[in-house]
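There are 2 protein chains.
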Amino acid sequence: MTDADRFDLNDFLPYRLNAAASRISRAFSERYREEFGISIPEWRVLVHLHHAGDVSVRDIEARVDMEKSKVSRAASRLETAGYITKGVNDTDRRLLVLRLTDKGEALVARLLPVAMEYQDEMRARLGPLAAGLEAGLSALLSDEA
Amino acid sequence: MTDADRFDLNDFLPYRLNAAASRISRAFSERYREEFGISIPEWRVLVHLHHAGDVSVRDIEARVDMEKSKVSRAASRLETAGYITKGVNDTDRRLLVLRLTDKGEALVARLLPVAMEYQDEMRARLGPLAAGLEAGLSALLSDEA
DNA sequence: AAACATTTATTGCACATGCAACAATGTCAA
DNA sequence: TTGACATTGTTGCATGTGCAATAAATGTTT
């Protein structure tokens with residue numbers, strides 16, 4: 201109760217967090233959707249493959265904050281586009297082995313500079329507030345069941 | 201280029217922001233979806249109506265970070281559920297006048313304490329980092345075309 | 001070995017979403 | 001006033017999403 205009558209959505213932390221994330225994600229995805237024609241889920245899969253090497257759908261699900269069905273569909277689109285291949289793990293044939301093709305590596309090589317540039321712009325706009333924001337995000341991402 | 205080979209998605213600020221927002225929103229919406237049966241867009245409309253009084257779809261669109269079609273559909277669901285009414289603005293008959301019913305006011309009165317409690321828990325988990333996070337969010341939300 | 005349980009990835013389904021029409025209303029200049 | 005243009009809210013459509021169900025492979029228990 202208390203001062204609930206003065207409750208303003210724009211002062212509500214979960215809303216503010218979500219609104220900021222939506223704007224940033226939208227602006228970022230527009231930037232490379234035009235240029236490279238890929239979506240956010242596809243971007244995440246590509247970048248994780250580049251970083252982690254051959255991995256399964258399960259690995260990506262665990263580390264990239266995406267449902268397995270989302271990963272599966274993103275991977276299928278990337279395979280169709282020729283950016284990755286889907287192989288079978290000989291040790292455990294339930295697992296896929298997702299791997300970047302040469303074409304996929306080339307795409308990532310063009311994507312990453314755009315991403316880093318965007319992050320630099322974000323940090324520049326934040327100035328001295330960047331460190332505080334990142335520390336807060338770390339706290340929210342750390343435990344969280 | 202540079203250190204692009206070591207690029208880790210989990211160190212990428214836009215990704216971290218989005219992942220944190222997703223988790224918080226999901227946890228929050230689960231909490232009141234079970235109890236009150238409403239979605240995030242519906243929650244935003246209800247809360248904004250409570251705060252701002254009678255408003256049009258356009259007003260909500262501008263202040264609550266939602267597309268007008270999303271607002272329109274949320275409002276229709278809320279009307280069907282008996283939480284709001286849709287009237288016509290006599291001065292400009294293109295505009296709707298969205299208004300909370302008594303039932304809607306009663307729902308908001310039960311919703312807001314849950315929201316404030318959730319925000320308090322967030323701030324408690326963040327501890328001294330909360331201020332820095334909020335300052336960073338303010339910077340991201342301020343200008344942004 | 002057989003029966004049962006668990007894990008992995010895909011897919012069907014219902015629903016939400018964004019965008020582009022669209023109709024209704026309002027504004028304004030000639 | 002008329003006619004061109006702008007604004008407001010709704011809806012059709014294609015697409016994305018989460019969840020549950022499923023099949024295939026593996027693990028476990030007896």
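Residue numbers (my numbering), protein chains in the order written: chain A, 201 to 345; chain B, 201 to 345.
Even glycine gets a Cβ: it sits at the ideal position worked out from N, Cα and C.
Beta-carbon proximity list for Glu305/B, same chain, < 6 Å, skipping 5 on both sides: none
Alpha-carbon to alpha-carbon, Leu298/B and Asp254/B: 5 Å
Helix, strand or coil at Leu295/A according to DSSP, with G and I counted as helix: coil
Burial state of Asn289/A (16 or more Cβ within 10 Å): exposed
Boundaries (first-last residue) of the beta strand (DSSP E) holding Ile284/A: Ile284 to Val288
Cβ of Leu298/B within 8 Å of any chain A Cβ: Not an interface residue.
Ser229/B: CB within 7 Å of a non-hydrogen atom of the ligand PLP: Absent from the structure shown: the ligand PLP. Ligands present: none.
Cβ-based burial, Gly336/B [other Cβ within 10 Å; buried from 16]: Counting of Cβ neighbours within 10 angstroms places Gly336/B among the buried residues, the total reaching 16 or more.
Span of the alpha helix (DSSP H) around Val245/B: Ile240 to Ala252
Proximity test, Cβ basis, 8 Å: Asn218/B and chain A: yes
Chain B within 8 Å of Met201/A, Cβ atoms only: With a pLDDT of 47 at Met201/A, under the threshold of 50, the predicted position of this residue should be treated as unreliable, and no value is reported.
Proximity test, Cβ basis, 8 Å: Phe236/B and chain A: no
CB of Ala330/B within 8 Å of CB of Arg323/B, strictly: yes
Enclosing alpha helix (DSSP H) for Phe228/A [first to last residue]: Leu213 to Phe236
Member of Gly327/A, Glu321/A, Asn210/A and Pro328/A whose CA lies at the smallest distance from the CA of Ala262/B: Asn210/A
Closer than 7 Å at the beta carbon, the chain B residues around Ala315/A: Phe212
Cutoff 8 Å: Leu337/B Cβ touching any chain A Cβ: Chain A contact via Cβ: present.
Assigned exposure category for Glu334/A - 16 Cβ within 10 Å defines buried: Taking a 10 Å sphere around the C-beta of Glu334/A, we find 16 or more other C-beta atoms and assign the residue as buried.
Listed by chain order, chain B residues near Asp208/A by CB distance under 8 Å: His251
Cβ neighbours of Arg231/B in the same chain (closer than 7 Å, five flanking residues each side left out): Listed in chain order, the non-local C-beta contacts of Arg231/B below 7 Å within the same chain comprise Val314 and Tyr318, local neighbours out to five positions each way being set aside.
Glu281/A versus Asp302/A, Arg325/A and Ser256/A, residue with shortest Cα-Cα distance: Here residue 281/A turns out to be Ala, not Glu, going by the sequence shown. It is Asp302/A whose Cα lies nearest to the Cα of Ala281/A.
Sub-8 Å separation of Phe236/A and Leu307/A beta-carbons: yes
Exposure label - Glu267/A; buried when at least 16 CB within 10 Å: Answer is exposed; the Cβ neighbour count stays below 16.
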